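Everything in the sequence shown is counted per our numbering, starting at 814 for the first residue and increasing by one. Beta carbons: idealized from backbone N, C-alpha and C, even for Gly. None of these values were measured; they are calculated from a predicted model. Take a look at the structure below.
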Amino acid sequence: MQETDPGAIRSIAIVGGGTAGWMSAVLLGHALRGSDVRITVVESAEIGIVGVGEATIPPILDFLDLVGIDREAFIRETEATLKLGIRFQDWKTVGEHYWHPFGTFGVAIDRRPFHHHLQRAAAWDEPRGVVDFSLAAALAEAGRFTPPDPREGPARAGLRYALHFDAALVARTLRTVAERRGVRRLDRTVVDVTRTPAGHVDELLFREGDRLGADLFIDCSGFRGLLIEGAMAAGYEDWTRWLPCDRAVAGPTALNGEPQLYTLSHARDAGWRWRIPLQHRAGNGYVYSSRHIDDQAALDDLTRQVGGTFLAEPRQLRFTTGRRKAFWKGNVVALGLASGFLEPLESTSIHLVTSGLYKLLDHFPDRTFDPANIAAYNASLIEEYETIRDFIVAHYGLSARRDTPFWRDVTGQSLPDSLQSRIDLYRATGRCRARPGDLFADVNWFYVLHGLGLRPRHPDPLTGMSDAAAVRGVFDQVARDVAAGVSAAR
Ligand SMILES: Cc1cc2nc3c(=O)[nH]c(=O)nc-3n(C[C@H](O)[C@H](O)[C@H](O)COP(=O)(O)OP(=O)(O)OC[C@H]3O[C@@H](n4cnc5c(N)ncnc54)[C@H](O)[C@@H]3O)c2cc1C
């Protein structure tokens, strides 16, 4: 029998029916199943969703498993393809590329991570690199896939993948799941709110004339941040000084062949271009800095890059990179684009929605909305946002490109202190100071910093104490396992 606290949350209103809104509805519906808590999603057909956001990272599969959505059915319904990592083209210099693959990298040798041994191997001119020792990178390059399998050695056991999917179909699929599980949906446009004497949001007022009250409001209204900014004036911290891209133009094209198993991130003169293959089309976009290129020139560049023909009129999007000063204020929690924006270079936005939701469950409030609880939630999400920001800034700040004003600007700027100290540590030791639970572990930083050409002055001293012949033997074995994994794949 459930025992309900007299101060417990009785109703939740989610404003927004994009990816963030419906993910929130599904996860909260799942977590609160069996309770009397009423969950309502309010979305406005006349406003619509942003409709981009199609590349993910592996934790998306954990989310689907957690809420009990069948992976195969989800892949079918959202026209999804599998993703093994990101290929960064022309980021270091024009003509070079590196991989940020998913999954494990080699095996530890004498309890030191494989990539630390690889850093030392530079001394004996080891010619092999990430693509020889990472099964995900090798498969992505070969255009083949094989599922993770713990019986087939460490490379297959450690393989991970994510999805590319159609954002509109994702919202529709999640909505079907949520509604089937009892979430109510209202097609309404919010025009105002009423407040409690404490300054919390009391009711949403709709253009249609009716209203909706709730105890807890989740703001998934997109860039406008209808509740968190419009009603609660949380404030916004602008990160444009580190990440100057402020616009994107996006449009779909035909696939032209088999979908690739990776997201392409192609550095351009004033930003970068993505290509995300789905089953029925490819998503493309150019994320750019309006200080360095105008809208027409950006569209022209994208059009040339995709080979000329879009399946639908390309759309322009504008954004300000940064985050809300508070993600949770009073009885309003912002998720998705309402919480802030980081460009999709590492496909992290949808992950930040799930991460915000998990943290919300860890800090689930009662109707007192204790400020200490809210502060703890905000602190943990701010830390995550800032770490991801630093990871993205590193791609720009460490590039060797100086060929356009954009690249001279982004490589000439001072970096956030938190990133600078991480890079200093990496340059000195090859270590990255990732904390347990960080989205990007030491090896993820290695892929990017190594890919951009950074080499530590003094690699991990313990790797020098391992028997060199034995280390080479492990390298050979890992490379053979990776090659065998590729041969066995389809
Ligand atoms: C160019 C670009 C590329 C991106 N690429 C990626 C990517 O590859 N991977 C990734 O993880 N993320 C990516 N993102 C981010 C991703 O798109 C978003 O995180 C995700 O789609 C969630 O959006 P949302 O649900 O917060 O907002 P939206 O999709 O904008 O939804 C907002 C909702 O609020 C509703 N609404 C707004 N105002 C009102 C109102 N007054 N009354 C009622 N309802 C209202 C709308 O109807 C809509 O349903 C990208 C973003 C951009 C801009």
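- Task: Indicate whether at least one CB of chain D lies closer than 9 Å to the CB of residue 938.
- Result: Checking the listed chains, one finds no chain D in this structure; it contains a single protein chain.
- Message: So residue 984 and residue 830 are supposed to be a Cβ contact under 8 Å. How far apart are they, rounded?
- Response: 6 Å
- Message: Whole angstroms are fine: how far does the CA of residue 1084 sit from the CA of residue 1302?
- Response: 35 Å
- Message: Which residue marks the beginning of the alpha helix (DSSP H) containing residue 1237, and which one marks its end?
- Response: 1230-1242 is the extent of the alpha helix (DSSP H) around residue 1237.
- When you compare each of 821, 824 and 837 to residue 1163 by their alpha carbons, which one comes out closest? 837
- Would you tell me roughly how many angstroms separate the C-alpha atoms of residue 1151 and residue 1036, rounded to the nearest one? 5 Å
- Message: Assuming residue 828 and residue 855 are in contact, meaning their beta carbons sit under 8 Å apart, how far apart are those beta carbons, in whole angstroms?
- Response: So it is a contact: roughly 5 Å between Cβ atoms.
- Message: Am I right that residue 1098 and residue 865 are in contact with their C-beta atoms under 8 Å? What's the rounded C-beta distance?
- Response: 7 Å
- So does residue 1231 have its beta carbon nearer than 8 Å to some heavy atom of ligand 2? Among the ligands in the structure shown, ligand 2 does not appear; only ligand 1 can be found there.
- Close beta carbons around residue 1172, own chain, < 7 Å, minus the five adjacent residues each side: 1190, 1193 and 1194
- Looking only at DSSP bridge pairs, what is residue 1097 linked to? 1064 and 1088
- If you follow the beta strand (DSSP E) that residue 905 is part of, which residue opens it and which one closes it? Neither: residue 905 is in no beta strand (DSSP E) and is coded neither H nor E.
- Is any heavy atom in ligand 1 found nearer than 8 Å to the beta carbon of residue 1126? no
- Query: So residue 912 is in the alpha helix (DSSP H); what residue range does that whole segment cover?
  - Reply: Boundaries for residue 912: no alpha helix (DSSP H) harbours it, while the beta strand (DSSP E) harbouring it runs 910-914, taken from the DSSP string.
- Query: beta strand (DSSP E) containing residue 1016: first to last residue?
  - Reply: Residue 1016 -> beta strand (DSSP E) spans 1014-1019.
- Counting along the chain, where does the alpha helix (DSSP H) carrying residue 1211 start and finish? Run containing residue 1211: none; DSSP gives neither H nor E here.
- Item | residue 1122, buried or exposed, once every other Cβ within 10 Å from all chains shown has been counted against 16 | exposed
- Task: Within 10 angstroms of the Cβ of residue 1243, are there 16 or more other Cβ atoms? Answer buried if so, exposed if not.
- Result: buried
- Give the C-beta separation of residue 935 and residue 1240 to the nearest angstrom, bearing in mind that I take them to be a contact with Cβ-Cβ under 8 Å. Between residue 1240 and residue 935 the Cβ distance is about 14 Å, and since that is not below 8 Å, they are no contact.
- Task: Could you tell me if residue 902 is buried or exposed, where buried requires 16 or more neighbouring beta carbons within 10 angstroms of its beta carbon?
- Result: When all chains shown are included, residue 902 counts as buried.
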